[in-house]
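Sequence lines, in order, name chains A and B. Going by full-length UniProt numbering, the first residue of the first sequence is number 21, and it counts up by one from there. Going by full-length UniProt numbering, the first residue of the second sequence is number 21, and it counts up by one from there. Note that CB positions come from ideal geometry on N, CA and C, so glycine has one too.
2 protein chains.
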Amino acid sequence: GAGSDDDDQQDGMDEATRQALSDIDECQKELDELNEKASKEILQVETKYNKLRKPYYDKRAAVIEKIPNFWVNAIVNHPQISMLVDEEEEDCLHFLKKLEVEEFENVENGFRVKFIFDENPFFDNAELIKEFQLGPNTEPKSTSTLIKWKENMDLSKKQPQIIDARRKRGLEQKTFFSWFSDNKDPAADDIAEVIKDDLWPNPLQYYLTPDMEDGDDEALEE
Amino acid sequence: GAGSDDDDQQDGMDEATRQALSDIDECQKELDELNEKASKEILQVETKYNKLRKPYYDKRAAVIEKIPNFWVNAIVNHPQISMLVDEEEEDCLHFLKKLEVEEFENVENGFRVKFIFDENPFFDNAELIKEFQLGPNTEPKSTSTLIKWKENMDLSKKQPQIIDARRKRGLEQKTFFSWFSDNKDPAADDIAEVIKDDLWPNPLQYYLTPDMEDGDDEALEE
Ligand SMILES: [Ca+2]
Ligand SMILES: [Ca+2]
Ligand SMILES: [Mg+2]
Ligand SMILES: [Mg+2]
Chain A
21 GAGSDDDDQQ DGMDEATRQA LSDIDECQKE LDELNEKASK EILQVETKYN
71 KLRKPYYDKR AAVIEKIPNF WVNAIVNHPQ ISMLVDEEEE DCLHFLKKLE
121 VEEFENVENG FRVKFIFDEN PFFDNAELIK EFQLGPNTEP KSTSTLIKWK
171 ENMDLSKKQP QIIDARRKRG LEQKTFFSWF SDNKDPAADD IAEVIKDDLW
221 PNPLQYYLTP DMEDGDDEAL EE
Chain B
21 GAGSDDDDQQ DGMDEATRQA LSDIDECQKE LDELNEKASK EILQVETKYN
71 KLRKPYYDKR AAVIEKIPNF WVNAIVNHPQ ISMLVDEEEE DCLHFLKKLE
121 VEEFENVENG FRVKFIFDEN PFFDNAELIK EFQLGPNTEP KSTSTLIKWK
171 ENMDLSKKQP QIIDARRKRG LEQKTFFSWF SDNKDPAADD IAEVIKDDLW
221 PNPLQYYLTP DMEDGDDEAL EE
């Protein structure tokens, strides 16, 4: 370490070095202030553009509602997200009417993903929300709406069999609803990131372009 | 995939759906334009603050030159970078007079790390530069100054023995100069990222705080 080369560094430091270190510290303080100002300005730009984007996202949402199964098709065509969606889950996602990503006013503080459903035979909730709180002075934290499954429709109870069947077929063992309800490692929730940064900004490309590597063998079954 | 649920999606698509998809496409184009404008404004902020930071970095550099062994001590105290520095390399880094990180005018396009040396018994170069070109329309690429080792001082020739000795001691096998000259995977050069985003913005904290886990056993040897 440093000590072995400059034995006077900690205690017997000479006056010139002490002054130099103090001068460096001054520079660092000025740099820190500039960094903080830069972050604030960048945040302002992001907030401004989130507001400018909003009417287009709203208009898009209204149009998407006219297209049957828009979101479920975008999801099952998405290379990463499709890997999660088990067969019965796909049936359930046909009732997904609307998907929304809302960043917090201060985008660094987090975001939520909202899944808005039509009346459906699987659960009573109209909205399922997974929210990520990433604020600067807290540990990352996520929370999910508790799903009120209808009688005998609880897909999460079928998880052990599903996982077993998927393991045998060599598929990803996490499923869509197990991802939704899993809040163990919010800082490493890749699926939420992919939804926020890829599916949400442009779902049309996935809706239009079936994924050729999605492991969906329905075509073979039919 | 989408085809199995909406068999008319590709060809026999009804007029309302066709119109809806075209409306979504319009929204996406407006969103793309806004995203591009936002990126440009953020880049302008970053460029502005790089210019504002420059005089403080220049002043800091002038002061650092007055402190013997500032950079080698900051480096050997840094938890990640220190892992690379082999004993003979540390001797060589005592001649490191100046370290600089320069981002390109468009910060997204890349950066270079400059190591500026005093006359030294190891090599003839006054500057060793590793440069990362990360521009948007090219594959990431890095290049390094070819080191002109003096006779019998070529530390890279000692790599096989060094690597072998380090493996036996359970240490990281990459060394400082092998990292410097390695341009095989520029997009995953964690060390360059750590130098740019951690050591360079605030070396003082590392200079002042010896790393307790740096595996440097000089104290034991003395
Ligand atoms: Ca869209
Ligand atoms: Ca400093
Ligand atoms: Mg030493
Ligand atoms: Mg289907």
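(request) List the residues of chain A that B/T37 touches, going by C-beta distances under 9 Å, in chain order. (result) K86, I87, P88, listed in chain order.
(message) By alpha-carbon positions, which one of A/M103, A/L116, A/H114 ends up nearest to A/S198?
(response) Here the closest residue by C-alpha is A/M103.
(request) Taking the CB atoms as reference points, tell me whether B/F137 and B/L154 lie closer together than 7 Å. (result) With respect to the 7 Å criterion, B/F137 and B/L154 are not classified as neighbours on the basis of their beta carbons.
(request) Step through the CB atoms of chain A and report whether any lies within less than 7 Å of the CB of B/N222. (result) In terms of beta-carbon proximity, B/N222 lines the interface with chain A, with at least one pair separated by less than 7 Å.
(request) Check the DSSP bridge columns for A/G155 and list the partner residues they point to. (result) Residue pairing for A/G155: DSSP places it in no beta bridge.
(request) Report all residues from its chain with a CB closer than 7 Å to the CB of B/K161; omit the five preceding and five following residues, and keep chain order. (result) For B/K161, the CB contacts under 7 Å within the same chain, skipping 5 residues up- and downstream, are Q153, P206 in chain order.
(request) Using DSSP bridges, identify the partner residues of B/G130. (result) Residue pairing for B/G130: DSSP places it in a beta bridge opposite B/Q153.
(message) Counting only Cβ pairs nearer than 9 Å, list the residues of chain A close to B/R73.
(response) Close partners of B/R73 in chain A (Cβ separation under 9 Å): E50, L51, L54, N55, A58.
(request) Could you tell me which of A/W169, A/G130, A/Q39 sits nearest to A/E147, measuring between CA atoms? (result) For A/E147, the closest C-alpha among the options A/W169, A/G130, A/Q39 is that of A/W169.
(message) If we define contact as Cβ-Cβ less than 7 Å, is A/C47 a contact residue for chain B?
(response) By the rule that beta-carbons nearer than 7 Å mark a contact, A/C47 touches chain B.
(message) Could you check whether B/V92 and B/L113 sit closer than 7 Å to each other, using their CB atoms as the reference points?
(response) In this structure, B/V92 lies closer than 7 Å to B/L113 by Cβ.
(request) Give a yes or no on whether the minimum CB-CB distance between B/A208 and chain A is below 7 Å. (result) No, B/A208 does not count as interfacial toward chain A.
(message) Once the 5 residues before and after B/E242 are set aside, which same chain residues still bring their CB inside 7 Å of it?
(response) In this prediction, B/E242 scores a pLDDT of 37, lower than 50, which makes its location untrustworthy; the coordinate-derived value is nonetheless stated afterwards. Apart from the 5 residues on each side of it in sequence, B/E242 has no Cβ closer than 7 Å to any other Cβ in its chain.
(message) Output needed in chain order: residues of the segment 172–198 of chain B with a Cβ under 9 Å from some Cβ in chain A.
(response) Of all residues in the segment 172–198 of chain B, none has a C-beta nearer than 9 Å to a C-beta of chain A.
(message) Below 9 Å on C-beta distance, what does B/K118 contact in chain A?
(response) At a C-beta separation below 9 Å, B/K118 has no neighbours in chain A, since its nearest C-beta there lies roughly 14 Å away.
(request) Kindly list, in the order they appear in chain B, the residues whose Cβ is closer than 7 Å to that of A/K79. (result) Result: C47.
(message) Which residue wins for smallest C-alpha separation from B/V121, given the options B/L166, B/N70, B/E109?
(response) Minimum Cα distance to B/V121 is reached at B/N70.
(message) Tell me which residues of the segment 116–146 of chain A have at least one Cβ-Cβ distance to chain B shorter than 7 Å, keeping chain order.
(response) Residues of the segment 116–146 of chain A with a C-beta atom less than 7 Å from some C-beta of chain B do not occur.
(message) Our contact map puts A/F90 next to A/K150 with C-beta atoms below 8 Å; I'd like the distance itself, whole angstroms only.
(response) The Cβ separation is near 20 Å, so there is no contact.
(request) Please list the partners that A/E108 has in chain B, where partner means a Cβ-to-Cβ separation under 9 Å. (result) What A/E108 touches in chain B: nothing, since even the nearest Cβ is about 15 Å away.
(message) Measuring alpha carbon to alpha carbon, tell me which residue in A/L63, A/G130, A/E125 is nearest A/N157.
(response) Per the Cα distances, A/G130.
(request) Determine the contact status of A/I182 and A/D106, defining contact as a CB-CB distance below 7 Å. (result) Yes; because the gap between Cβ atoms is below 7 Å, this pair is in contact.
(request) For chain B, find out if any of its Cβ atoms is closer than 7 Å to the Cβ of A/I215; answer yes or no. (result) Proximity of A/I215 to chain B, defined by a Cβ-Cβ separation below 7 Å, is not satisfied.
(request) Tell me whether B/D34 sits in a helix, a strand or coil according to DSSP, three-state version. (result) Three-state DSSP puts B/D34 in coil, outside helix and strand.
(request) Kindly indicate which three-state DSSP category A/G148 falls into: helix, strand or coil? (result) Before going on, a small fix: residue 148 of chain A reads as Leu here, not Gly. A/L148: strand per DSSP, three-state reduction.
(request) Please report how far the alpha carbon of B/I44 lies from the alpha carbon of A/K86, in whole angstroms. (result) B/I44 and A/K86: Cα-Cα distance of roughly 11 Å.
(message) If you measure between the beta carbons of B/L72 and A/L63, is that distance less than 7 Å?
(response) The answer is no: Cβ separation not under 7 Å.
(message) According to DSSP, simplified to helix, strand and coil, what is A/I136?
(response) In the structure shown, A/I136 sits in a strand (DSSP, three-state: E or B).
(request) Could you tell me whether the Cβ of B/I167 comes closer than 7 Å to any Cβ of chain A? (result) Using beta-carbon distances, B/I167 does not count as an interface residue toward chain A, since no partner is under 7 Å.
(request) Would you mind telling me which residues of chain E sit closer than 7 Å to A/A40, beta carbon to beta carbon, in chain order? (result) Structure shown: chain E not included; protein chains present are A and B.
(request) Quick one: give me the first and last residue of the alpha helix (DSSP H) that A/V96 is part of. (result) Run containing A/V96: 90–96, per the alpha helix (DSSP H) assignment.
(request) Report yes or no: is there a C-beta of chain B within less than 7 Å of the C-beta of A/I62? (result) Put simply, the CB of A/I62 is near chain B, with a gap under 7 Å to one of its CB atoms.
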